[in-house]
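K.L.:
Quick one: this structure, given as structure tokens, is what I'll be asking you about.
In our numbering, the protein residues as written are 765 to 982.
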């Protein structure tokens with residue numbers, strides 16, 4: 765993209781894009797950096813500037829140009845002063861994300877979602893929305909001047925109905941590729957789920973996977 769010197773990327777959940785240079789359509793370099801994911805790191809970006817005919821410009825030479833470095837959270841000590849400042853909001857947020865929003869009529873497991881369609885995938889993973897009749901999304905109005913998060917739509921629908929019943933929205937689609945060999949699956953990175961759906965009468969629990977409380981992940 766022309767006219768841009770630095771792009772701070774996100775959402776792809778990778779940690780190997782600390783500093784990478786691309787060439788735009790005009791033949792000029794562009795710096796891309798991604799600080800990782802889940803607030804575990806920051807990108808420290810240095811942008812050299814100079815005056816040119818009274819205007820501030822970004823320096824791009826072989827010796828001097830924008831650069832980025834990776835600052836990972838484990839490399840820094842906890843700031844107790846900041847922790848004390850945010851503590852009241854942190855506790856309030858944990859209470860909020862722990863609020864029961866609905867009951868599930870059955871357990872919706874996610875272990876096989878990588879290779880087959882599952883109810884929890886249809887309910888939670890709107891990015892792969894082909895073929896499923898989401899009750900919480902299909903009637904939402906199409907809007908252009910504002911955004912309403914899919915997570916909010918899901919929670920509102922669950923609160924309104926009080927029950928999450930896969931039979932009302934889950935359509936198994938496919939076929940999908942065969943599952944990966946078990947040896948490969950064992951070596952895949954594992955993450956604690958952010959949403960734990962329990963079978964009624966146990967409530968749906970929205971949990972946090974890290975030190976910061978989270979709501980349904982979009």
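Heads up, the beta-carbon is just placed ideally off N, CA and C, and yes, glycines get one too.
With a CB to CB cut of under 7 Å and the five nearest residues on each side skipped, what residues in its chain are close to residue 808?
P.N.:
If we look at residue 808 and ignore the five residues flanking it on each side, its Cβ neighbours are 832, 833 and 835.
K.L.:
In three-state terms, what does DSSP make of residue 772?
P.N.:
DSSP places residue 772 in strand when its eight states are reduced to three.
K.L.:
Do residue 826 and residue 812 come within 8 Å of each other at the CB atom, strictly closer than that value?
P.N.:
No, Cβ-Cβ distance for residue 812 and residue 826 is not below 8 Å.
K.L.:
Output the distance between the C-alpha atoms of residue 885 and residue 856, rounded to the nearest integer angstrom.
P.N.:
Using only the alpha carbons, I get a separation of about 29 Å.
K.L.:
Return the first residue and the last residue of the alpha helix (DSSP H) that residue 861 is part of.
P.N.:
Looking at the DSSP string, the run of the alpha helix (DSSP H) that includes residue 861 is 844–861.
K.L.:
Pull up the distance between the alpha-carbon of residue 922 and that of residue 866, whole angstroms please.
P.N.:
Looking at the two C-alpha atoms, the distance is approximately 5 Å.
K.L.:
Secondary structure at residue 931, three-state DSSP: helix, strand or coil?
P.N.:
Helix.
K.L.:
Going by Cα to Cα distance, which pick from 883, 850, 927 and 916 is closest to residue 937?
P.N.:
Cα-wise, what sits closest to residue 937 is 883.
K.L.:
If you follow the beta strand (DSSP E) that residue 766 is in, where does it begin and where does it stop?
P.N.:
Looking at the DSSP string, residue 766 is not in any beta strand (DSSP E), and its letter there is neither H nor E.
K.L.:
Measure the C-alpha to C-alpha separation of residue 810 and residue 794 and round it to an integer number of angstroms.
P.N.:
The straight-line gap from Cα to Cα measures roughly 13 Å.
K.L.:
Mind checking residue 838: buried by the 16 CB within 10 Å criterion, or exposed?
P.N.:
Exposed.
K.L.:
Mapping the DSSP letters down to three states, classify residue 891 as helix, strand or coil.
P.N.:
The predicted model places residue 891 with a pLDDT of 43, which falls under 50 and marks its position as unreliable; any figure quoted below should be read in that light. Residue state, collapsed to three classes: helix.
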